[in-house]
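J.: Going by my numbering, the first residue of the sequence shown is number 20, and it counts up by one from there. Note that beta-carbon positions come from the ideal geometry of N, C-alpha and C, so glycine has one too. Computed from a prediction, not measured in an experiment: that's the story for all the values here. Take this structure, written in structure tokens, and hold onto it; I'll ask about it next.
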Amino acid sequence: MSTTLLDPNGNIQLVLDSGTGLVSVVPAAGGTSVAVRFQGIQITASQFAGWQILAAETIAAGQNRVLWKELATGRLHTWTVDGSWNYVQSNGIFDPSSPEGLQLQQQFSVDATGAPVTGQPPTTGTSTLQVLDPNGSVRLLRDPATDLVSIQSDGVSLPLRFQGSQVRASQFAGWQILAAETIAAGQNRVLWKELATGRLHTWTVDGSWNYVQSNGIFDPSSPEGLQLQQQFSVDATGAPVTGQPPPPASTAIKIGTQTFPTIRSAIQGAAANSLIELGTGTYNITKSDTDASSPATSGASPATLTGFALSGVTIRGAGSEATVILGNPRLHTLQADGPPPVGFRLEGVKLNYDAAAEGYLLAPSRGSLPYDPSSPTMAGLSIVDVAFTGQHRGAVGVSGTYMDISGSKDILLDRIVVKLEGQYGYSPATGEGGGFFLFMEGGRNLQARNSSFFEAGYSSSLIALFTPDVIMDSNQFVGSGLIKQDDGSDLEDNPRGERFYNAGGTFTNNRLSGGAFFDYLYVLADQGVVWRDYLAKEGPIPPLKTSVVGNVFDILNGGYGMLIRSDLPVQQLQGLLDVHGNAFNGGVAVKSELPSPGGLVFGPNTVNGVAFDRLRVGGVQSDDINAAGDAGTSNWISGDLGNDTLTGGTQADAFVFATPLDGVANVDRITNFSVAQGDRIWLDDAIFTSLSANGLSGLTQVANGADLELRYFSPATGTSTTFATLSGLAGTTLTAASFVIF
């Protein structure tokens, strides 16, 4: 075996097998070489298009890392690997001249830029980085070239991350990042300022400066705002920040200078454009806040936070971790509370529910009626920095749905947290039944931003139907750990993913995990009143375009990141759906159940750490998916069900097999598989169950005329099934390097 030493420095050497391209590591002091593995398979140096492997090292206390360089930009990236050099996770991407990049070169004893690597690593990078916050024990740094923000503490620089991606200073429109600090006992915080109002807001972050949660929003002259300026050693108002912080806020309920004994009395006393302020503390919507045994007497429906047909009313607490409202409060229901308010805003509170809670949290809807822009169901609702926690059954009899805002317009959810459990009809054990947190049929301008949805106790978070301008950006959706596959019995009321149903807009910069996925449907034949009205107004095939961009999908084994269903021909659907710039980790990136033949083609995406120029996805028919005419592209190709014909391009392609085996009706033909180009067969271990633990045991290669057939022996059934035919490769034996088990 001929080998090449890729990295002779440090305590670990990186070795390349010149014949196979396989990569291993060996201690510099001598010892046994160990394969570097990704998802159970030894990697090759050229496996990840556009990336060069530079070095491997044991950094400290047994922490093994692998260093990569992005060829197009020169940026550096690391893997964390375990003690046996198996891939565990990916860690950031840094300019080589940034503090992080220079520190990596120091740690790995390599030179990626031409600068020396001897001596101590730099700690500030002041030649290139802008210092946003020079005060306190933590420095906040910005790279002017990339706008990326990092933290420096105790001589170590770390990226500030939101949902896995490094934060840009200008990422959140209307907000300025001010400072970062370790407040007390290792509690890391980041301070933001709302430019329009000057109000202050903080993030809680973990020890590695990854976003955990949002905490309130405060006027800078309020006790909380002044305390924040004291803690972060900043001056957001022009007032001094020296001396002791002010005392905590009072629990008074106010409208202007007038105080009220209960939330209900304040609601009853509100006028148009009133601001109802709640201080820090715990309140009860159904009781007197000064005497928990005394029920509120004002209002026929004391559990509602509205109950008024006024415009511009705001209820603002001291933050979702500071102001708590008990008593199972609802926002508004048409049946109990009358006409909905206009321009209502709820901000900075936690709504906590108990086992007795049921019914809609919000339901101004008048039913499935055509959308009327001149008379929307509700207009101008904003729910900002609000947490929904505890036990709540939802609307019994309608799948346990929590909010139905059908026919509404200008709806904003920003920095909300949903941790509700006990939804009516939902089984946490199986993932069956239940309904959505938010249901919108018809309407305009629905936005969900910077929010977190935890779906352990309810089926799914959001569905938008017959709505052209939905925005879902920078949210996290955390499933219950189950693959909640739709049984197809009722597409509207049998939810399983975050669903666009005959809807358009953007689904961007979100992170989905634990079984959550993006659920896309376009059903032209839908006979609902709202959709028929939409067709009459917008044309026979409305151009409801959807962009799925910049998301991270952490997919369960056997699951998928996106599910696509439609009765449109592939060619028509192609123009409506744009998918690029996403990272799909684990499972199948995109699954199509299209009944029409042909394949959908999407732009650059990353799947299981490998960058592809195109994703090509077939449906349930026997599809012909051909990348030969798209010169110079690398392709992730999934035929899905049927006897598909798959043709790759001129670069390294991945041919994906992740559907139940059928030697008659589900055998794909690969017309131009090329070992020399780096093509690979990707096998889902949810189907090929014996391959994950036992290498390629159970996989056989059999010549059939001029072709090579791939067969899998299933221990469960005791049968061997052909799943792929490779044209013209009889007499060839593929090595383990040609297969990826995921």
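Going by C-alpha distance, which of Ser-339, Val-361 and Gly-606 is nearest Asp-433?
T.: As a first step, residue 433 must be located in the sequence shown, where it is residue number 414. Among Ser-339, Val-361 and Gly-606, the Cα nearest to that of Asp-433 is on Ser-339.
J.: Tell me the rounded alpha-carbon separation between Ala-268 and Glu-296.
T.: In the sequence shown, residue 268 corresponds to position 249, counting from 1. In the sequence shown, residue 296 corresponds to position 277, counting from 1. The predicted model places Ala-268 with a pLDDT of 40, which falls under 50 and marks its position as unreliable; any figure quoted below should be read in that light. For Ala-268 and Glu-296, the distance between alpha carbons rounds to 11 Å.
J.: Output yes or no for whether 8 Å exceeds the beta carbon distance between Ser-387 and Gly-547.
T.: Translated into the one-based positions of the sequence shown, residue 387 becomes position 368. Translated into the one-based positions of the sequence shown, residue 547 becomes position 528. Yes, the Cβ-Cβ distance between Ser-387 and Gly-547 is below 8 Å.
J.: Determine, using beta-carbon pairs with one atom in the stretch 150–167 and one in the stretch 413–432, whether at least three such pairs fall under 8 Å.
T.: no
J.: Could you tell me which of Thr-565, Leu-543, Lys-564 and Ser-566 sits nearest to Ala-555, measuring between CA atoms?
T.: Numbered from 1 along the sequence shown, position 536 holds the residue referred to as residue 555. The residue with the shortest Cα to Cα distance from Ala-555 is Leu-543.
J.: Report yes or no: do the stretch 676–690 and the stretch 745–755 share at least 3 C-beta pairs separated by less than 8 Å?
T.: Segment contact: the stretch 676–690 against the stretch 745–755, three or more CB-CB distances shorter than 8 Å; contact assigned.
J.: For Ala-75, which residues from the same chain have a beta carbon less than 6 Å from its beta carbon, with the 5 sequence-adjacent residues on both sides left out?
T.: Locating residue 75 in the sequence shown gives position 56, counting from the first residue. The answer, listed in chain order, is Ile-31, Leu-33, Val-44 and Val-85.
J.: Would a C-beta distance cut-off of 8 Å place Ile-583 and Ser-611 closer than the cut-off?
T.: Within the sequence shown, the letter at position 564 stands for residue 583. Within the sequence shown, the letter at position 592 stands for residue 611. Yes; because the gap between Cβ atoms is below 8 Å, this pair is in contact.
J.: Figure out for me which residue from Pro-239, Pro-242, Glu-243 and His-220 has the closest Cα to the Cα of Gln-232.
T.: Reading the sequence shown from its first residue, position 213 is the one you call residue 232. The candidate whose alpha carbon is nearest that of Gln-232 is His-220.
J.: Between which two residues does the beta strand (DSSP E) carrying Ala-483 extend?
T.: Here residue 483 refers to the residue found at position 464 of the sequence shown. Start and end: 479–484.
J.: If you draw a straight line from the alpha carbon of Asn-528 to that of Phe-758, how long is it in whole angstroms?
T.: As a first step, residue 528 is located in the sequence shown; it is residue number 509 there, counting from the start. As a first step, residue 758 is located in the sequence shown; it is residue number 739 there, counting from the start. Cα to Cα, Asn-528 sits roughly 31 Å from Phe-758.
J.: May I have the straight-line CA-CA distance separating Thr-23 from Asp-36, to the nearest angstrom?
T.: Here residue 23 refers to the residue found at position 4 of the sequence shown. Here residue 36 refers to the residue found at position 17 of the sequence shown. Roughly 6 Å between the two C-alpha positions.
J.: With a 10 Å radius around its C-beta and 16 neighbouring C-beta atoms as the bar for buried, classify Ser-653 as buried or exposed.
T.: Counting from one through the sequence shown, the residue named residue 653 turns up at place 634. Flag for Ser-653 reads buried.
J.: Taking Gly-682 and Thr-740 to be in contact with their CB atoms under 8 Å, please state how far apart those CB atoms are, rounded to whole angstroms.
T.: For the purposes of this step, residue 682 is taken as the residue at position 663 of the sequence shown. For the purposes of this step, residue 740 is taken as the residue at position 721 of the sequence shown. Contact holds; Cβ gap of about 5 Å.
J.: Over what stretch of residues does the alpha helix (DSSP H) that includes Ile-286 continue unbroken?
T.: For the purposes of this step, residue 286 is taken as residue 267 along the sequence shown, with counting starting at 1. Taken as a continuous stretch (DSSP letters only), the alpha helix (DSSP H) holding Ile-286 covers 282–287.
J.: Helix, strand or coil, according to DSSP, for Tyr-553 in the structure here?
T.: For the purposes of this step, residue 553 is identified with residue 534 of the sequence shown, where counting begins at 1. Correct three-state label for Tyr-553: helix.
J.: Which partner residues of Thr-408 appear in the DSSP bridge assignment?
T.: Your numbering for residue 408 matches position 389 in the sequence shown. Answer is Asn-371 and Lys-438.
J.: Taking the CB atoms as reference points, tell me whether Ser-169 and Leu-177 lie closer together than 8 Å.
T.: By one-based count along the sequence shown, residue 169 stands at place 150. By one-based count along the sequence shown, residue 177 stands at place 158. The answer is yes: Cβ separation under 8 Å.
J.: Using CA atoms only, rank isn't needed, just tell me which of Gly-300, Leu-381 and Pro-383 is closest to Leu-345.
T.: Position 326 of the sequence shown, counted from the start, is the residue given in the question as residue 345. Nearest C-alpha to Leu-345: Gly-300.
J.: Quick one: measure Cβ to Cβ for Arg-478 and Phe-455, integer angstroms, because I've assumed they're closer than 8 Å.
T.: What you label residue 478 is simply residue 459 of the sequence shown in a count that begins at 1. What you label residue 455 is simply residue 436 of the sequence shown in a count that begins at 1. It is Ser, not Arg, that sits at residue 478 in the sequence shown. At roughly 7 Å, the Cβ-Cβ gap stays under 8 Å, so Ser-478 and Phe-455 are in contact.
J.: Taking just the CA atoms, how far does Ala-602 sit from Asn-624?
T.: Within the sequence shown, numbered from 1, the residue matching residue 624 stands at position 605. Within the sequence shown, numbered from 1, the residue matching residue 602 stands at position 583. Taking the straight line joining both Cα atoms gives about 6 Å.
J.: Should Gln-442 go down as buried or exposed, given a rule of 16 or more other Cβ atoms within 10 Å for buried?
T.: The residue you call residue 442 lines up with position 423 of the sequence shown. Gln-442 is buried by the Cβ-count criterion.
J.: Taking just the CA atoms, how far does Ser-733 sit from Gly-524?
T.: Stepping through the sequence shown from its first residue, residue 524 is reached at position 505. Stepping through the sequence shown from its first residue, residue 733 is reached at position 714. Taking the straight line from one Cα to the other gives about 43 Å.
J.: Could you tell me the distance, in whole angstroms, from the CA atom of Gly-288 to the CA atom of Ser-425?
T.: Here residue 288 corresponds to residue number 269 of the sequence shown, with the count starting at 1. Here residue 425 corresponds to residue number 406 of the sequence shown, with the count starting at 1. For Gly-288 and Ser-425, the distance between alpha carbons rounds to 29 Å.
J.: For Asn-570, which option in Ala-647, Ala-608, Gly-331 and Ala-64 has the closest C-alpha, if you only look at C-alpha atoms?
T.: For this step, residue 570 is matched to residue 551 along the sequence shown. Here the closest residue by C-alpha is Ala-608.
J.: Could you pull the start and end residues of the alpha helix (DSSP H) that Val-589 belongs to?
T.: Sequence index remark: in the sequence shown, residue 589 carries index 570 (1-based). 589–593 is the span of the alpha helix (DSSP H), which, as asked, contains Val-589.
J.: Would you tell me roughly how many angstroms separate the C-alpha atoms of Pro-614 and Phe-57, rounded to the nearest one?
T.: For the purposes of this step, residue 614 is taken as residue 595 along the sequence shown, with counting starting at 1. For the purposes of this step, residue 57 is taken as residue 38 along the sequence shown, with counting starting at 1. When rounded, the distance between both Cα atoms is 35 Å.
J.: With 16 other CB atoms within 10 Å as the buried threshold, where does Arg-699 fall?
T.: Within the sequence shown, numbered from 1, the residue matching residue 699 stands at position 680. Buried, because 16 or more other Cβ atoms sit within 10 Å of the Cβ of Arg-699.
J.: Decide if Thr-754 is buried, meaning its Cβ has at least 16 other Cβ atoms within 10 Å, or exposed.
T.: Here residue 754 corresponds to residue number 735 of the sequence shown, with the count starting at 1. Thr-754 is exposed by the Cβ-count criterion.
J.: Given Ala-64, which residues of its chain have a CB within under 6 Å of its CB, disregarding the five upstream and five downstream residues?
T.: Taking the sequence shown and counting its residues from 1, one reaches residue 64 at position 45. Within the same chain, Ala-64 has close Cβ partners Leu-35, Gly-40, Val-42 and Ile-72.
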